[in-house]
Amino acid sequence: MIRHPAYADRPHRWVRAYLILQDDLVEYLESVEPADVNLETYSLRAADLLIRACIEVEANLTAILRANTYTKVGNLNMDTDYFKVEKSHFLSQFSVQFPHWDGSHRTRQPFGAWAAGTYQPLAWYRAYNAVKHDRAEHLVNATFRHLTDAWCGLAVLLTAQFLFEDFSPHVFLVAEGYGSVFDPEFEPAIGSFLGVKLPASVPESERYEFAWSAIREQADPFVKYDFDSS
Numbered sequence: 134m135i136r137h138p139a140y141a142d143r144p145h146r147w148v149r150a151y152l153i154l155q156d157d158l159v160e161y162l163e164s165v166e167p168a169d170v171n172l173e174t175y176s177l178r179a180a181d182l183l184i185r186a187c188i189e190v191e192a193n194l195t196a197i198l199r200a201n202t203y204t205k206v207g208n209l210n211m212d213t214d215y216f217k218v219e220k221s222h223f224l225s226q227f228s229v230q231f232p233h234w235d236g237s238h239r240t241r242q243p244f245g246a247w248a249a250g251t252y253q254p255l256a257w258y259r260a261y262n263a264v265k266h267d268r269a270e271h272l273v274n275a276t277f278r279h280l281t282d283a284w285c286g287l288a289v290l291l292t293a294q295f296l297f298e299d300f301s302p303h304v305f306l307v308a309e310g311y312g313s314v315f316d317p318e319f320e321p322a323i324g325s326f327l328g329v330k331l332p333a334s335v336p337e338s339e340r341y342e343f344a345w346s347a348i349r350e351q352a353d354p355f356v357k358y359d360f361d362s363s
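Just so it is clear: in the sequence shown, position 23 is 156 by the working numbering, and no numbers are missing.
Here it is as C-alpha cells:
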C-alpha cells in the first residue's frame, strides 16, 4: 500500500534525508557515549545536528498537512498548525528506543507532552528555536538530550507516515526472536538503528479496515484527512 504511486509525493526524498542525517548522528555517537551522564553535554556540533533534525521535523509535518486538506500556507507553527498531526497520527503514543544506552533514558517518547490531547511545548523543539535564533546566548540548549529527542521525533514522523518502508529497490526481512537489541514490541525503524514501538491505544472510532486487494488497482484509493476541521 505504501508503495502505491498515489500514497505520497516522492516519499523516498524524506527517507533519504533522514538516512543522511542519521549517518551523521551515528558518527556523533563515536564522540559522545550514549549514556545518561552525557545528557546535558552541549556543543556546536550538537547545535548543528539539532537544527538539521528539527528542520526535517518541520518539513515532514508541513508535507503531511499539505498532502491532506489544510488551506493555511506559510508561517506554520508547532502549536496552532503542526499539533494537528497528533490527532491523525497519534504521535504521542510512539516510543523510540536506542539499541545501546547506559542509564535510564534509553526509551523516549518525543511527542509525549501531547498525550493529554492539548498542546504542550516540546522541550527539544523549544531548544532548537532558542539555538537557531540566538546561538551565542543559547548554545547551552544544544544538549545531547535535546539532540537525541529530536532524532527520535524525526524517526516517529517517518514511521507514522511510511511504517518501516525505506523505498529501497530491495525487500529485506527482519528476523524476530533471539538476538534483538530492542525490548519486545519494538521493531527496527527506517535506517535500522533506532527501534520504534507503534501506538497501542488508537480509539475504535479512528480505526478502519479495508480490503487492499479490492482497491489497489484504483488510480487514487486514498482519502485526504481534513485538518481544517480538526
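Backbone N, C-alpha and C fix where the C-beta goes; we use that ideal spot for every residue, glycine too.
This one's a predicted model, so the numbers in the text were calculated from it and none came from an experiment.
### Query
Apart from the five residues on each side of it in sequence, which residues of its chain come closer than 7 Å, Cβ to Cβ, to Arg268?
Taking the first residue of the sequence shown as 1, we reach residue 268 at position 135. Only Ala180 meet the Cβ criterion.
### Message
Quick check on DSSP: helix, strand or coil for Asp156?
### Response
As a working note, residue 156 is residue 23 in the sequence shown. Note: Asp156 maps to helix in three-state DSSP.
### Task
Indicate the three-state DSSP secondary structure (helix, strand or coil) for Ser362 in the structure shown.
Walking along the sequence shown from the start, residue 362 turns up at place 229. Helix, per DSSP.
### Query
Rounded to a whole number of angstroms, what is the C-alpha to C-alpha distance between Ile184 and Arg143?
Taking the sequence shown and counting its residues from 1, the one referred to as residue 184 is at position 51. Taking the sequence shown and counting its residues from 1, the one referred to as residue 143 is at position 10. Rounded to whole angstroms, Ile184 to Arg143 spans 24 Å at the Cα level.
### Task
Could you tell me if Arg349 is buried or exposed, where buried requires 16 or more neighbouring beta carbons within 10 angstroms of its beta carbon?
Position 216 of the sequence shown, counting from 1, holds the residue named residue 349. Label assigned to Arg349: exposed.
### Query
Of all the options Asn193, Phe277, Phe360, which has the alpha carbon lying nearest to the alpha carbon of Ala150?
Position 17 of the sequence shown, counted from the first residue, corresponds to residue 150. Closest by alpha carbon: Asn193.
### Query
Is the distance from the Cβ of Leu221 to the Cβ of Tyr358 below 8 Å?
Numbered from 1 along the sequence shown, position 88 holds the residue referred to as residue 221. Numbered from 1 along the sequence shown, position 225 holds the residue referred to as residue 358. A small fix is needed here, since residue 221 is Ser in this sequence, not Leu. In contact: Ser221 and Tyr358 (Cβ atoms closer than 8 Å).
#### Entry: For Pro232 and Gly324, believed in contact at Cβ under 8 Å, the rounded distance
For the purposes of this step, residue 324 is taken as residue 191 along the sequence shown, with counting starting at 1. For the purposes of this step, residue 232 is taken as residue 99 along the sequence shown, with counting starting at 1. Gly324 to Pro232, Cβ: 11 Å. No contact.
### Message
Quick check on Glu189: buried or exposed, where buried means 16 or more other Cβ atoms within 10 Å of its Cβ?
### Response
Residue mapping note: residue 189 aligns to position 56 of the sequence shown, counting from 1. Buried, since its Cβ has 16 or more Cβ neighbours within 10 Å.
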